[in-house]
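Line by line, the protein sequences give chains A and B.
Heads up: the first sequence begins at 351 in this note's numbering, then just goes up one per residue.
Heads up: the second sequence begins at 36 in this note's numbering, then just goes up one per residue.
All C-beta atoms, glycine included, are put in the ideal place defined by N, C-alpha and C.
On a predicted model such as this, the values are computed, not experimentally measured, just so you know.
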Amino acid sequence: MIEIRIHGRGGQGAVIASKILASAFFKEGKYVQSFPTFGVERRGAPVAAFIRIDDKQILVRSQIYKPDDVIVLDPTLIDAVDVTQGLKSGGWILINTTREPKEFEKLSEFRIATVDASGIAAKHGLGSKAHPIVNTAILGAFARITGFVKLESILEAITEEVPFARKANVEASKEAFRSVKMQSNVTLKSKSEP
Amino acid sequence: MKKVMMGNHAVSYGARLSRVDVIAAYPITPQTQIVEELSELCADGKMDAKFIKVESEHSAMASCMGASAAGGRAFTATSSQGLALMHELLHFSSGGRLPIVMANVNRALGPGWNIWTEQTDSLAQRDTGWLQFYCENNQEVLDTVIMSYKIAEQLSLPVMLVLDAFILSHTYEIVDIPEQELIDSYLPPYKPEIKMDVDNPHAFGALVTPDHYFEIRYKLQETMDKAAEVARKAGEEYGELVGRPYDIVEPYMLDDADVVIVAAGTLVSNSRAVINEYREKGIKVGLLKLRMFRPFPTKRVRELLAGKKKIAVIDRNISFGATGIFYQELKAALYGHGNGAGSPNIFGFIIGLGGRDVTLEDIAEIVDYTLEKEKNEEDIIWMGLKR
């Protein structure tokens with residue numbers, strides 16, 4: 351079983367991202383389960399969403415405490431919350447930021463990848479420049495670094511789950527797939543190009 | 036067609052497949068996306084139903100009663116405080132023999148104000164004459180809405196189906212949505228024997244004196260006595276048509292089990308995961324899932340638990356001044372009948388009140404405790420309580 355945690359801020363689309371990711375894995379024949387932080391959500395406050403993926407029916411219904419990988423939708427969260435909490439050693443931390451992976455030295459126990467999802471989203475007109483909607487872009491980057499799921503499945507899930515600007519979301523996701531930067535000592539798992 | 040769907044929407048699509056005529060609901064907290072989705076389906080013309088937005092849950096049930104008495108298929112959904120506010124009309128609707136179906140998202144009652152899962156809200160309605168079914172996953176949620184109408188309309192009694200807040204209601208997982216034609220063949224249009232009809236008038240809700248009231252209560256209980264078999268058949272027939280059979284209680288690895296977990300709702304799913312781990316280690320743990328709670332499946336419970344040595348009942352609820360509610364009910368079913376069910380030791384665990392997370396480790400601890408102890412020493416074993 352793979353367990354993934356997505357960090358975001360209320361209103362940023364972490365929950366939708368978790369649902370798109372779950373749908374993408376479902377398209378590849380996996381069993382999936384995705385859920386938000388249980389409780390009340392406030393715009394701008396740190397939130398999290400979770401995904402479980404397995405080859406067999408998922409019976410466990412508790413919170414995720416030890417994720418395999420983490421996705422961070424907002425660069426300011428790195429200093430605000432412990433995004434590594436419970437993260438398994440060697441797990442991916444995929445961060446939406448303009449910075450390079452090597453700049454995150456304090457996270458060196460993990461595999462770091464960065465992508466300027468905000469810039470990509472803004473370029474494709476998703477949300478506003480001050481408040482870009484980055485959830486679809488970052489999933490393209492996730493497909494590339496982990497190789498867990500095909501980009502095609504992500505794009506298909508985006509087309510189904512996102513109610514508007516489908517083409518722009520798909521393009522943003524493809525661009526993030528191409529432009530994600532990884533720690534140089536890590537080999538690429540996914541060879542497919544969009 | 037399979038879709039990744041949250042539990043709330045599994046309820047909505049179950050109601051849509053059941054071709055309900057009237058939905059009456061109060062849209063404010065603790066309400067969920069169940070009725071949000073239904074209102075959209077109605078507004079978009081994807082569902083041919085009248086959506087009535089009312090000013091309270093009490094009015095929601097009142098509207099459902101009117102619709103049902105007029106021969107319509109009525110649906111509502113609520114949670115915690117909203118269900119508590121309906122209490123009076125829960126008695127009224129069962130007494131009126133109205134086959135309304137309601138989804139209740141199990142949430143803790145306030146104060147302290149809490150929207151997380153707990154079973155006390157629905158279990159506190161156990162004496163209202165409603166049937167109750169507890170669901171383990173989102174597939175079962177969707178299927179149970181449909182089966183609920185099948186059962187309710189045969190018995191002329193209302194049915195409540197229950198799903199855990201967040202753990203099902205806001206969790207997305209794969210749900211197979213059956214074809215409408217299949218459900219139409221399972222669930223024909225509702226045709227009540229007696230309904231409000233100006234061309235064929237009857238009196239409804241009349242005064243009933245002590246001369247007759249007692250017998251009317253007896254008839255309600257008599258119908259409840261038939262309900263277990265009606266519900267079992269409804270689940271069996273659903274299985275034949277849709278490929279997913281359901282029963283009122285469901286054993287899992289029970290036959291040779293030294294310890295039997297008894298649970299309802301998503302605690303069942305967690306328990307299955309733990310049982311699988313223990314079985315791999317050769318430890319004989321089994322499960323009895325309580326799917327139907329009202330009427331209590333006494334006969335089946337006695338049969339299935341006959342000769343068992345140790346039972347661990349997991350309650351995510353409490354009857355203050357007494358114990359966990361499933362624990363009480365199980366003891367009541369097993370003892371005092373001289374029926375040779377043996378005398379298993381029943382351990383009553385209370386866990387996860389107000390939505391505190393229940394992990395696999397917690398369930399394993401319950402199993403270990405029960406394996407280790409010779410007999411139960413206290414009526415409530417508190418799990419995870421900060422003292």
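Looking at residue i: is its Cβ nearer than 8 Å to the Cβ of residue j?
i         : j         : result
Lys319(B) : Asp291(B) : yes
Ile186(B) : Pro65(B)  : no
Leu196(B) : Thr258(B) : no
Ile488(A) : Leu444(A) : yes
Val303(B) : Leu322(B) : yes
Ala491(A) : Val465(A) : yes
Ala463(A) : Met351(A) : no
Val46(B)  : Ile63(B)  : no
Val308(A) : Ile428(A) : This structure leaves residue 308(A) out entirely; chain A is present only between 351 and 544.
Asn141(B) : Ser157(B) : yes
Ala104(B) : Phe249(B) : no
Val294(B) : Leu406(B) : yes
In chain order, what residues of the same chain lie with their CB nearer than 7 Å to the CB of residue i, ignoring the 5 residues before and after it?
i         : result
Leu395(B) : Asn305, Ala308, Val309
Val499(A) : Ala374, Phe375, Glu378, Ala493
Ile386(B) : Ile349, Arg351, Val393, Asp397, Met418, Gly419
Glu510(A) : Ser373
Ile202(B) : Thr152, Thr301
Rounded to whole angstroms, how far is the Cβ of residue i from the Cβ of residue j, which I believe are closer than 8 Å?
i         : j         : result
Ala143(B) : Gly390(B) : 6 Å
Ile360(B) : Phe382(B) : That belief does not hold up - the Cβ atoms of Ile360(B) and Phe382(B) are roughly 15 Å apart, past 8 Å.
Ala109(B) : Val55(B)  : 7 Å
Ser183(B) : Val136(B) : 4 Å
Thr447(A) : Pro425(A) : 4 Å
Leu339(B) : Val284(B) : 7 Å
Leu505(A) : Ser529(A) : Wrong, their Cβ atoms sit about 16 Å apart, outside the cutoff.
Leu242(B) : Pro193(B) : That pair is no contact at about 22 Å.
Using the Cβ count rule (16 or more neighbours within 10 Å means buried), how would you classify residue i?
i         : result
Ser458(A) : exposed
Val390(A) : exposed
Gly42(B)  : buried
Gly91(B)  : The amino acid occupying residue 91(B) in the given sequence is Ser; Gly does not appear at that position. Exposed, since its Cβ has fewer than 16 Cβ neighbours within 10 Å.
Asp219(B) : exposed
His474(A) : buried
His357(A) : buried
Lys343(B) : buried
Thr301(B) : buried
Phe328(B) : buried
Ile365(A) : The displayed chain sequence assigns Val, not Ile, to residue 365(A). Buried.
Pro379(B) : buried
By Cβ distance, which residues of its chain are closer than 8 Å to residue i, with the 5 residues on each side in sequence left out?
i         : result
Leu124(B) : His93, Met96, Ala97, Met100
Pro417(A) : Glu353, Ile354, Arg355, Phe400, Gly436, Leu437, Lys438, Gly441
Arg392(A) : Gly360
Lys37(B)  : Ile209, Val210, Asp211, Ile212
Gln160(B) : Leu118, His122, Leu125, Gln167, Met195
Ala263(B) : Ile283, Met327, Pro330, Pro332, Lys334, Arg335
Pro280(B) : Gly270, Glu271, Tyr273, Gly274
Answer with yes or no whether the minimum CB distance from residue i to chain A is below 8 Å.
i         : result
Leu395(B) : yes
Ile209(B) : yes
Trp148(B) : no
His33(B)  : With chain B covering 36 to 422 only, the question about residue 33(B) has no answer from this structure.
Ala308(B) : yes
Gly390(B) : yes
Ile444(B) : Outside the displayed range of chain B (36 to 422) lies residue 444(B), so it cannot be described from this structure.
His44(B)  : no
Ile63(B)  : no
Thr206(B) : yes
Thr405(B) : no
Ile202(B) : yes
Trp165(B) : no
Does the CB of residue i have a neighbour CB from chain B at under 8 Å?
i         : result
Phe385(A) : yes
Arg411(A) : yes
Ser373(A) : yes
Phe514(A) : no
Phe388(A) : yes
Lys369(A) : yes
Val520(A) : no
Phe376(A) : yes
Val382(A) : yes
Apart from the five residues on each side of it in sequence, which residues of its chain come closer than 6 Å, Cβ to Cβ, to residue i?
i         : result
Gln383(A) : Arg402, Ile408
Glu525(A) : Ile470
Thr387(A) : Val397, Ala398
Glu72(B)  : His44, Ser47
Val336(B) : Ala368
Ala376(B) : For Ala376(B), the predicted model reports a pLDDT of 49, less than 50, meaning its position is unreliable; a value from the coordinates is still stated below. Correct list, in chain order: Arg337, Ala341, Leu369.
Tyr34(B)  : Limits of chain B in this structure are 36 at one end and 422 at the other, which puts residue 34(B) out of reach.
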